[in-house]
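Asks: I have a structure I would like to understand better, so I am pasting it below and will then ask my questions one at a time.
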């Protein structure tokens, strides 16, 4: 049986709780410091509370500690790791290899996608170092994932399936550090990819003006889950540690249902990695949560029938939403669609006119003939595409209790010598609580009131699947006594469920350097700034792997010749001049430049490796 894990994001304790209720098998959340999202720190106390609540359901909690570190932070990080271990965290998601040189508790290590996990050699090294799980680069296709996974013995593979995309290979973007002094590897990305640029050739010809040339759409691989499973993915990751609670609810619930369908189709092959039944009070719909339009992000790359798609939206980085149809006609502040709709007062709309202009408005109301009244006068040409990027009714539904999750139990109330016992069973976990008392015979014996009293499990994580009352001598048992027995047995069961939760850790407490030493010469880590070495322990780690001296991180010593970004997104291809797809020569004088104010970023196209790189220029 292959265990499939749905991994949801959370920016705080409340969002994490909702992710669990809506079906997450695991949740990843930021540490108090040193996470790749500086705006989403979570206290150790909140993480401890979350672990206690999550482990009842067998839900694992992964803590993101995935920035590169500086020397003066190492001692604090080591103390924090021990605090997170004692809080009950199941794993740490890390980027900085200096952490492997610390004195660590026996907590699982997961390699962040910031580690640039896109080659078999990298994954093999991580596995031999003792990493339990690796977050793969988003750019990999099924064939590449399968080939890499077949060389591993135990390390689980994790892949993003939904959410915002870094246009650059993760861990290989230095544009924010170069332009704004804010390091993406330190959790302070300035989102340079979401800004507008002019595209200019070397002769000065302006090819495009003020376009979002590096701004990708959002990932949606909901139609490719079977292929990801077949390729070897065990953990399915939703992006979004900065997203709102309604996004986490909706997207988690959608993928919970999708994975459950696959498990139901193949019960002999796949199983869930957590327990509990989730019930929803709404119908999940990915188009109703924030999205910039969807892309599978090169998932079909290399397939003749599915050439590389255009992954960016050059017109806007804002949410697109769900398609509602096209404008047939307009009059003052109303318009008529070519399709039926359920638009209502307060909905937010995005319009794309036939000439490519993006406009926004909100709904004031609808008329009897279906015409939509806007909050302002707009001259929308016929054929304008209409998208709803804010569904007021849907958001209101999600603002209330929109899901429950319970573990079904079988309950037996039985007679024992000199008393009664209450048994709870959930799968292969069973607990029993006894009460010793000499109960008098009942004058009128009725089991129904006892059953009703036993059903009331309140705010516990449990729900009754079945109840059997086995009391042959028909004793009189006060309902208050039964209620107390039920509460005590429920507490026992919840403690038992937490107790059986065991993190997957193949490492003892202590240091890992001896493992790195055995790998010396077997691997060839990058010798330039791309190794992101920013502290003495990271240098120590890599010195065990190779005799070659590695360069310091770009953040410590900016390299004037550094590739500021390495990306699969190719502007040459976007223009229609990919050398693999056409024999047409590009009519623009190379190199091409992205221009923003006084900044000029030079583009190079490595067609052999199918990547584009961005470089600073002396003119900047």
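Residue numbers (our numbering): 672 to 1291. No residue lacks a Cβ here, since even glycine has one placed at the ideal position from N, Cα and C. Treat the numbers as computed from the prediction; the structure is a model and nothing was measured.
Going straight from the alpha carbon of residue 1279 to that of residue 811, what length do you get?
Replies: The alpha-carbon atoms of residue 1279 and residue 811 are separated by roughly 16 Å.
Asks: Is residue 1080 near the ligand ADP, judged by its Cβ being under 6 Å from some heavy atom?
Replies: As far as ligands go, the structure on display features none, and thus does not contain the ligand ADP.
Asks: In whole angstroms, give me the CA-to-CA distance for residue 726 and residue 688.
Replies: Computed Cα separation, rounded: 12 Å.
Asks: Which one or two residues does DSSP pair with residue 1105 in a beta bridge?
Replies: DSSP output for residue 1105 lists 1092 as bridge partner(s).
Asks: Under three-state DSSP, which class holds residue 1186?
Replies: DSSP places residue 1186 in helix when its eight states are reduced to three.
Asks: Considering only C-alpha positions, which residue in the set 718, 785, 705 is nearest to residue 746?
Replies: The candidate whose alpha carbon is nearest that of residue 746 is 705.
Asks: Across which residues does DSSP place residue 1233 in a beta bridge pair?
Replies: Answer is none; residue 1233 lacks a bridge partner.
Asks: Is residue 901 buried or exposed, if buried means 16 or more other CB atoms sit within 10 Å of its CB?
Replies: It counts as exposed.
Asks: So for residue 1176, helix, strand or coil by DSSP?
Replies: Three-state result, residue 1176: coil.
Asks: Please report the distance separating the alpha-carbon of residue 1062 from that of residue 1046.
Replies: The straight-line gap from Cα to Cα measures roughly 16 Å.
Asks: DSSP three-state label for residue 1138, please.
Replies: Note: residue 1138 maps to strand in three-state DSSP.
Asks: Rank 1040, 1037, 1008, 937 by C-alpha distance to the C-alpha of residue 1057 and give the top, closest one.
Replies: Considering only alpha carbons, the answer is 1008.
Asks: In the DSSP assignment, what are the bridge partners of residue 840?
Replies: Paired residues: none, contrary to the question.
Asks: Just to confirm, are residue 1085 and residue 1074 a CB contact at a threshold of 7 Å?
Replies: Contact: no.
Asks: In this structure, does DSSP put residue 1170 in helix, strand or coil?
Replies: Residue 1170 falls in the helix class under three-state DSSP.
Asks: Note the first and the last residue of the continuous beta strand (DSSP E) segment covering residue 925.
Replies: Taken as a continuous stretch (DSSP letters only), residue 925 belongs to no beta strand (DSSP E), being part of the alpha helix (DSSP H) at 916-936.
Asks: Run through the DSSP bridge pairs and tell me what residue 1033 is partnered with.
Replies: DSSP, once it has assigned bridges, lists 1019 as partnering residue 1033.
Asks: Identify, in the order they occur along the chain, each residue of the same chain with its Cβ nearer than 7 Å to the Cβ of residue 802, setting aside the five sequence neighbours on each side.
Replies: These residues qualify, in order along the chain: 780, 781, 782, 826.
Asks: For the 8 Å Cβ check, are there 3 or more pairs between the stretch 891-900 and the stretch 921-939?
Replies: Result yes; three or more Cβ-Cβ pairs closer than 8 Å.
Asks: Which two residues bound the contiguous alpha helix (DSSP H) that contains residue 813?
Replies: It spans 813-820 - the alpha helix (DSSP H) in which residue 813 sits, taken as one unbroken run.
Asks: Does residue 808 come out as helix, strand or coil in the three-state DSSP assignment?
Replies: Coil, per DSSP.
Asks: For residue 697, write down the residues that DSSP places opposite it in a beta bridge.
Replies: DSSP, once it has assigned bridges, lists 678, 731 as partnering residue 697.
Asks: Work out the CA separation of residue 775 and residue 758 for me, nearest whole Å.
Replies: Computed Cα separation, rounded: 14 Å.
Asks: Are the CB atoms of residue 1095 and residue 1164 nearer to each other than 7 Å?
Replies: Contact flag set, yes.
Asks: Quick one, are the C-beta atoms of residue 684 and residue 697 less than 7 Å apart?
Replies: For residue 684 and residue 697, no; Cβs fall outside 7 Å.
Asks: Here's the rule I'm using: 16 or more other beta-carbon atoms within 10 Å means buried, otherwise exposed. How should residue 743 be labelled?
Replies: With fewer than 16 other Cβ atoms within 10 Å, it is exposed.
Asks: Within its chain, find whatever has a CB closer than 8 Å to the CB of residue 1068; leave out the 5 residues flanking it on each side and keep chain order.
Replies: Result list for residue 1068: 952, 953, in chain order.
Asks: Pick helix, strand or coil for residue 1097, following the three-state DSSP scheme.
Replies: Note: residue 1097 maps to strand in three-state DSSP.
Asks: Quickly, what does DSSP pair residue 1272 with across the bridge? List them, please.
Replies: Answer by DSSP bridge pairing, in chain order: 1265, 1287.
Asks: Under DSSP, the alpha helix (DSSP H) around residue 793 begins and ends at which residues?
Replies: Segment 791-800, the alpha helix (DSSP H) holding residue 793.
Asks: Could you tell me the alpha carbon to alpha carbon distance between residue 753 and residue 737, rounded to whole angstroms?
Replies: Going from the Cα of residue 753 to the Cα of residue 737 covers about 16 Å.
Asks: Along the alpha helix (DSSP H) that carries residue 969, what are the first and last residues, could you check?
Replies: Taken as a continuous stretch (DSSP letters only), residue 969 belongs to no alpha helix (DSSP H), as it is neither H nor E.
Asks: Put residue 1076 into one of helix, strand or coil per three-state DSSP.
Replies: It is a strand residue.
Asks: Under DSSP, the alpha helix (DSSP H) around residue 1248 begins and ends at which residues?
Replies: Per DSSP, residue 1248 belongs to no alpha helix (DSSP H) and is neither H nor E.
Asks: Out of curiosity, what's the CA-to-CA distance linking residue 1146 and residue 681?
Replies: If I take the Cα positions, the gap works out to 50 Å.
Asks: Who pairs with residue 1112 in a beta bridge, going by DSSP?
Replies: The partner list for residue 1112 (beta bridge, DSSP) reads 1146.
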